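Following: one structure in structure tokens, then a few remarks.
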Amino acid sequence: MNGANTVQNTGKTSNQKRLPVAPALCRFAQIFEEHGKKAYLAGGAVRDILLKKKACDWDIATDASPQEVMAMFKTVIPTGIKHGTVTVLYKGASIEVTTFRTEADYRDGRRPERVEFAATIEEDLSRRDFTMNAMALSLPDGRLVDPFGGALDIKNQIIRCVGSPPERFSEDGLRPLRALRFASTLGFSLEAALLDAIKQCLDVTAMVSMERVQSEFEKMLRSPRPQTALEAMRQTGLLKLLLPELDACVGVLQKGYHRFDVWTHSVLACAYAAAQNMSLEVRLAALLHDIGKPETARLNENGVWTFYNHEKVSAKKSRALLSKLRFDNQTIEKVVHLIEEHMFHYEDEWSDAAVRRFIIRVGEENLEALFALRAADSAGTAGVPPDPRSMQEFLRRIERVREKSSALSIKKLAVNGHDLMAIGVPAGKSVGIILKLLLEAVLEDPALNTREKLLEIAKKTMENKLT
Ligand code: ATP
Ligand code: MG
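Numbered by numbering that gives the first Met the number 0, the letters in the sequence shown go through residues 0 to 466 in order.
Right under this line is the structure:
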């Protein structure tokens, strides 16, 4: 279609602008037409089409009631019937269909108390959060409905509220976080009035459930530029409200080692982790690895700031913060472990046994993430990407030691608990204690990792204990 996907320069509902519609969606919409009803593709999918991105899910808005939709299709699941939403399974796709609605009575800044159905698509679009999310495509003809100038805002890469920002944010305290999340995922700027309104509505955001906060925070961190959202969180007071431990890092100086305050350093580290497409755990660890610094900061006699044991305090605070934010336990444990270990300092003089102990302590499965965190930490210290050669020596050494070492975990020892019990070690705690001792011995001297030698050591240990 000629001119499809070009963005129209109008703030009014467009009658001419048409966008291409997937054939399957056209067929789906024709069923509504046959029943005398209208169907529109609405919300994020339209935004993504204008951004020339692949839309993830299809949300349909309609003037048909949920009961009418259920009568039109064979398989319909009443997924959110209270809010007028049903999910239609159609030709292998699952399509959310929501009856036009307005939302009324936001009592606690969380979710509307009651949902009222609306008569027109324009009314339905007016309840949505941002102009770029408040557009619809009439189906099956593909006519763009854009009453708030969303297409122009997308062209100008700006996030604006539908209507008055303070009003919209006092209805739903999650919207400020959604705005910042979109700024990070899309690389758009935020209109000044929107940023001001966030400051005025912090008490409303304070009432949002931690699960919803977590979901937006995770999306910010997974985006290519989390620094955009993080910096806006700081400016608006959302950081102090939701991540006070990080806010406490603002202005904490660390001259001597660093050019930046702890906050700037942490954001730069996290930004680097995101730019390098590192895992969520590394991004979180990069952001939180120094939150113990404000508490441990001491000025020494030479006028230099020191932060002894800050990694332990950072790990403890991160565990509490991530639990509060309802991250899953596996993520929390990994992030906390990375933070605890982030201060390693390798020297060429390390013995092979010391390298083996390092590998065991960190865990073979965490080595890659820990080195990624170190790279992010260095980038955040210097403000420029780290020299890839800086860790090369240690990495090569680890490889050499791994090749030489036959056992780097209890599982890889040449004997197991049953073997120990067979030579008389009592079942229970003693088995674990002796296995650990055997691992220690093998770490010192890998040549000891044979069944014969280990059983001999085990026997001797037992005798020593008995005598
Ligand atoms: P994505 O799915 O990529 O996160 P999205 O815009 O599709 O982005 P959804 O949460 O799927 O976001 O919501 C679908 C649509 O519902 C949005 O585009 C917006 O029109 C509307 N919407 C979602 N959350 C809110 C909210 N808190 N307040 C007002 N409208 C909302
Ligand atoms: Mg969506």
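All residues carry an ideal CB built from backbone N, CA and C; glycine is no exception. Here the structure is a predicted model, which is why all the values come from computation and not from measurement.
Run the proximity test for residue i: is its beta-carbon closer than 7 Å to any non-hydrogen atom belonging to ligand 3?
i           : result
residue 160 : For ligand 3, the structure offers nothing, since it holds only ligand 1 and ligand 2.
Could you tell me which residues DSSP puts in a beta bridge with residue i?
i           : result
residue 297 : 305
residue 59  : 40 and 96
residue 278 : Residue 278 is not bridged to any residue.
residue 17  : 142
residue 89  : 92
residue 116 : 100
residue 135 : 41 and 144
residue 27  : None, per the DSSP bridge assignment.
residue 130 : None, per the DSSP bridge assignment.
residue 227 : According to DSSP, residue 227 bridges with nothing at all.
residue 84  : 79 and 97
For a test of your reading of the model: does the CB of residue i fall under 7 Å from any non-hydrogen atom of ligand 1? Yes or no.
i           : result
residue 152 : no
residue 132 : yes
residue 177 : yes
residue 220 : no
residue 373 : no
residue 395 : no
residue 123 : no
residue 173 : yes
residue 127 : yes
residue 58  : yes
Consult DSSP for residue i and reduce its assignment to one of helix, strand or coil.
i           : result
residue 450 : helix
residue 160 : strand
residue 348 : coil
residue 383 : coil
residue 76  : strand
residue 261 : helix
residue 252 : coil
residue 50  : coil
residue 188 : strand
residue 326 : coil
residue 343 : coil
residue 4   : Unreliable positioning characterises residue 4 in this predicted model, as indicated by a pLDDT of 36, which lies under 50. The coordinate reading is nonetheless provided below. Coil at residue 4, not helix or strand.
residue 336 : helix
residue 247 : coil
residue 205 : coil
residue 235 : helix
residue 289 : coil
residue 365 : helix
residue 269 : helix
residue 173 : coil
residue 179 : helix
residue 242 : coil
residue 64  : coil
residue 35  : coil
residue 377 : helix
residue 214 : helix
residue 313 : helix
residue 222 : coil
Going by the C-beta, is residue i closer than 7 Å to any heavy atom of ligand 2?
i          : result
residue 55 : yes
residue 43 : yes
For residue i versus residue j, is the C-beta spacing smaller than 8 Å?
i           : j           : result
residue 46  : residue 153 : yes
residue 99  : residue 86  : no
residue 249 : residue 224 : no
residue 31  : residue 63  : yes
residue 279 : residue 227 : no
residue 372 : residue 266 : no
residue 369 : residue 419 : no
residue 433 : residue 457 : yes
residue 268 : residue 379 : yes
residue 138 : residue 38  : yes
residue 174 : residue 167 : yes
residue 375 : residue 285 : yes
residue 156 : residue 181 : no
residue 262 : residue 242 : no
residue 290 : residue 323 : no
residue 397 : residue 366 : yes
residue 126 : residue 102 : yes
Strictly under 8 Å for the Cβ-Cβ distance: is residue i near chain B by that measure?
i          : result
residue 78 : In the structure shown, chain B cannot be found, because there is only a single protein chain.
**OP:** Jot down the residue ranges of each uninterrupted alpha helix (DSSP H) in the stretch 397-465, minimum 4 residues, whole runs only, in chain order.
**Re:** 416-421, 428-443 and 450-465
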